[in-house]
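Have a look at the structure below, then the notes.
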Amino acid sequence: PRPNIHWNCLPSGLDENYTPIRTYQVCQVMEPNQNNWLRTSWIEKGDAQRIFVELKFTLRDCNSLPGVVGTCKETFNLYYQETDSEVGRNIRENQYVKIDTIAADESFTQGDLGERKMKLNTEVRIIGPLSRRGFYLAFQDVGACIALVSVKVYYKKCWSIIENLATFPDTVTGSEFSSLVEVEGTCVSDAEEEADNSPKMHCSAEGEWLVPIGKCICKAGFHQKACGRGFYKSSSQDLQCSRCPAHSYNDREGSWRCDCEDGYYRAHSDPPSVACTRPPSAPQNLVYNINQTTVSLEWSPPADTGGRNDVTYRIMCRRCSWEPEECVACGGNVGYSPQQAGLVDTYVSVVDLLAHANYTFEVEAVNGVSDLSRTQRLFAAVSIATSQATPSQVSEVIKERVQQRSIQLSWQEPEQPNGVITEYEIKYYEKDQKDRIYSTVKSRSTSATVNNLKPSTAYVFQIRAFTTAGYGTYGPRLEVTTKEENPVIIIAVVAVAGTIILVFMVFGFIIGRRYALAVKFPGTKTYIDPETYEDPNRAVHQFAKELDASCIKIERVIGAGEFGEVCSGRMKLPGKRDMSVAIKTLKVGYSEKQRRDFLCEASIMGQFDHPNVVHLEGVVTRGKPVMIVIEYMENCSLDAFLRKHDGQFTVIQLVGMLRGIAAGMRYLSDMGYVHRDLAARNVLVNSNLVCKVSDFGLSRVIDDDPEAVYTTTGGKIPVRWTAMEAIQYRKFTSASDVWSYGIVMWEVMSYGERPYWDMSNQDVIKAIEEGYRLPAPMDCPPGLHQLMLDCWQKDRADRPKFDQIVGILDKMIRNPNTLKTPVGTCTRPISPLLDQSTPDFTTFRSVGEWLEAIKMERYRDNFTAAGYSSLDSVARMSIEDVMSLGISLVGHQKKIMSSIQTMRAQMLHLHGTGIQV
320 PRPNIHWNCL PSGLDENYTP IRTYQVCQVM EPNQNNWLRT SWIEKGDAQR IFVELKFTLR
380 DCNSLPGVVG TCKETFNLYY QETDSEVGRN IRENQYVKID TIAADESFTQ GDLGERKMKL
440 NTEVRIIGPL SRRGFYLAFQ DVGACIALVS VKVYYKKCWS IIENLATFPD TVTGSEFSSL
500 VEVEGTCVSD AEEEADNSPK MHCSAEGEWL VPIGKCICKA GFHQKACGRG FYKSSSQDLQ
560 CSRCPAHSYN DREGSWRCDC EDGYYRAHSD PPSVACTRPP SAPQNLVYNI NQTTVSLEWS
620 PPADTGGRND VTYRIMCRRC SWEPEECVAC GGNVGYSPQQ AGLVDTYVSV VDLLAHANYT
680 FEVEAVNGVS DLSRTQRLFA AVSIATSQAT PSQVSEVIKE RVQQRSIQLS WQEPEQPNGV
740 ITEYEIKYYE KDQKDRIYST VKSRSTSATV NNLKPSTAYV FQIRAFTTAG YGTYGPRLEV
800 TTKEENPVII IAVVAVAGTI ILVFMVFGFI IGRRYALAVK FPGTKTYIDP ETYEDPNRAV
860 HQFAKELDAS CIKIERVIGA GEFGEVCSGR MKLPGKRDMS VAIKTLKVGY SEKQRRDFLC
920 EASIMGQFDH PNVVHLEGVV TRGKPVMIVI EYMENCSLDA FLRKHDGQFT VIQLVGMLRG
980 IAAGMRYLSD MGYVHRDLAA RNVLVNSNLV CKVSDFGLSR VIDDDPEAVY TTTGGKIPVR
1040 WTAMEAIQYR KFTSASDVWS YGIVMWEVMS YGERPYWDMS NQDVIKAIEE GYRLPAPMDC
1100 PPGLHQLMLD CWQKDRADRP KFDQIVGILD KMIRNPNTLK TPVGTCTRPI SPLLDQSTPD
1160 FTTFRSVGEW LEAIKMERYR DNFTAAGYSS LDSVARMSIE DVMSLGISLV GHQKKIMSSI
1220 QTMRAQMLHL HGTGIQV
């Protein structure tokens, strides 16, 4: 039938800049079976092979048009026809090739029309490769209320350029989005091609010159014009002269570099293009702290760095007599921590100084040109008098007697006691534990017995002396192994213990028969919601350790939280080694509610103690800023870490990460605790790839009843990670955390890809309600994807528990072959699709039928020519294979690849059930 012609060219109000515009409109929404066509004039393509079409249009929302149910549409179709010349005005539909169905991101209603300002939609489509002289574009309306504002048709090219003394002309881009067009360059006047290295450039599909190859050089007897005063050219390869950099000059022509002004210098490694610089000024605010014969120095950076960023510091130490001007260098007996020169940080400790002596310390800032300067050195200086020295090391330790559970030691007094020794401290620890966990014993004499040791265990001992000046340093390590336990004694102890247990069991059985059980034995530690406390400060001090602010040193800001900055730093508690920590700070000017909410997370974290849950070190509430101090996780959040290291881990490593997260969630679930915001962004990773659950800002407690839920009254919900019942009814359980864990599994196996990609939250909710789930990520083993699907069961009672998940992952780690077979905990099938219209691919008999089902039949010849004659061969295709067929539209590539992944999953399911495919 002949198409209808209902498109009209009319004035249509204002565009986004309030400029009057005319549009082509059609709005036959009341009549069924519309087929309205609008065609452009013939467009000659010239040298272009790949054409871009930009459409700007508005579209009426069908919901705002009463009485048009079944006849109104919200899309229109874009077609093209290739010809060698104009073909007249007749439109025959079978001569046109469909480009795409166009939908609007924004539609308007009657109210919008009243304002006479249109909400423009912009869509860009690509056609090609084109082989004939020109083409038509056509627009088909099938019942929409639409106004076509503009159609922009263009192609891309690389503009002419001169590179390496060669001219490259304007070049039209290639026919494919990944193609590069090689272009031969022409040498400029008085230049010729370098031997066996002719100039070439490549024009990319985006109209950019890439990959220069070869060059031209000046002919014999010709050279480029000499650089004038104030300019230089450091290499013959440079095409033009450059202006002298800052603080440099030249007063002659033809210079290859510029000389530095007085007082400015270049380091030997600086290229001529670098500005001249000068030495830095002196460090500022030098302060010191003295502890007997150890001096700690700290300072601020210099006000002027000399224009360089390679500033370091060096320390000069001189010991002076009581008479002025009589000083000598300290020499090699003095130690510097971390070092004496080349310091990057602005602090140093000087140790092993003499007691009751005068010292002068000079701190100088240096950079790459300090040694070239002839001016006077600038430094900060301080004079200090040391006090009494601590004792020297206890160097000779002897093991006197070794028993099964005790060791007796003796030692000699230090060579330099530096006073009266009042006691000795013996530090000891198990060799396997190193010195992470150690104990101490005090002794007033030069011998001691250490008791309560383990039999057959290697221990390490160190001893230090104490005087009124303080403790000396620990002496060398002594390793001693305790004796083995007597087996006869062990048997006797076990027998006695067994008899006692048996008597209690019999007695308990008799009592239990006569009386009801009155006492409930304690089970797993139960989480207590801090919000149940009338005074939140009481909760935080019950569950979190109060730290002294002086023990915390903030080093740098690493992020921003809801309540303030997140920093990294160091914590040094008395008697313990310093350690790296992360510090959450409460911003200045906080309200009391903000302070309470901020510390609530610490009250929650303080109740947890598990290797896969982030550990709380303590809080600072009695100073400013208010701080929450937690262990430092070097690799930060899991999603960003995975995106940074995309494809760099084995499947077993990824499963190991998932197992750690599941173990942490099992611990929280056993405590009766619901996280509510489990996502890869809320899992932290340390330097050993250990994953730990964190961020307890959305968390809430549940009742003792395992089926109890927590119902919120509002607030934001992370839709892409949240179970259906939590989205619909705001009910959260450990089962809803299991759903979120399934999304985390998908994030890990896809290396941090965004769940549901660029779908809107409403589209995600609709897809989930219709029973569709995320497909398996690329190269994801079937067993892991099946476990994801189990976590996404609609009925929360059908989802696995975290204890089951840990068991399944343990089995996969012990036997990697189980990753290849879907071994789920549930029996209900779930369709891993996102498109409701996607059919069952296993029912098709040919590649052509499959392409028709997904509306990609235009590529039938592409698949046939490449030899893909069966669905089995299609199911093994990768994205590179799809691109090699000449399918250049990114949307079409994704659609075809998504259906191939689903086809692969359906075939795998049939193999698993014994059905032959």
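Sequential numbering of the sequence shown, starting at 320, is according to the numbering used here.
A virtual CB, placed ideally from N, CA and C, is assigned to each residue, including glycine.
C-alpha gap between residue i and residue j, whole angstroms
i	j	result
A622	H860	43 Å
T1162	K1214	19 Å
E501	A367	16 Å
K364	S479	20 Å
R576	P591	6 Å
V1002	T420	41 Å
K872	D897	10 Å
T505	P531	13 Å
I947	E884	11 Å
N931	L892	24 Å
N569	N610	56 Å
I726	V769	5 Å
L935	C870	15 Å
S668	S711	18 Å
R1000	L697	49 Å
K534	L484	7 Å
C346	D916	55 Å
C349	W326	The amino acid at residue 349 is misidentified as Cys; the sequence shows Met. Taking the straight line from one Cα to the other gives about 15 Å.
T285	Q967	Residue 285 lies beyond the residue range present for the chain, which begins at 320 and ends at 1236; the question has no answer from this structure.
A1027	F1051	The predicted position of A1027 is uncertain, since its pLDDT is 40 and thus under 50; a value taken from the coordinates is nonetheless stated next. So the two alpha carbons sit approximately 9 Å from each other.
V739	L662	37 Å
Given residue i as reference, the closest of the options once Cα atoms are compared
i	options	result
G894	S689, A514, S758	S758
V647	H929, Y678, T612	Y678
L616	T596, K1011, A699, I536	A699
E804	V1004, G791, T776, T792	T776
I1173	A1194, E1088, S1217	S1217
D958	L905, S869, S988, V1063	V1063
Y852	L821, V907, I923	I923
V974	K906, V993, L1106	L1106
G547	G533, R562, C535, S554	R562
D989	Q722, P1100, K1120, K963	K1120
R1039	A998, R1049, F1051, Q735	A998
Y1060	S1079, A982, C595, G1102	A982
S588	M349, T613, D629, T486	D629
E1168	L797, L1190, A1184	L1190
Per-residue DSSP class, three states only, for residue i
i	result
P871	For clarity, residue 871 is Ile in the given sequence; the question names Pro instead. Of the three classes helix, strand and coil, the one that applies to I871 here is strand, per DSSP.
W356	strand
N608	strand
W575	coil
Q347	coil
F487	strand
W618	strand
I1036	coil
P339	strand
T759	strand
S1203	helix
N327	strand
N931	coil
K750	helix
Y474	coil
Strand pairing of residue i, partner residues [DSSP]
i	result
L691	DSSP output for L691 lists no bridge partner at all.
D419	L397
Q603	S619
A901	S887, I949
Q1249	Coverage of the chain is limited to positions 320 through 1236, which leaves residue 1249 absent and any answer about it impossible.
Y551	S561
Any alpha helix (DSSP H) of 4 or more consecutive residues that is wholly inside the region 952-1021: 957-963, 970-989
Beta strand (DSSP E) runs wholly inside the region 654-722, at least 3 long, in chain order: 654-656, 666-670, 677-685, 698-704, 716-721
In chain order, each alpha helix (DSSP H) run of at least 4 residues that lies wholly inside the region 496-535: none
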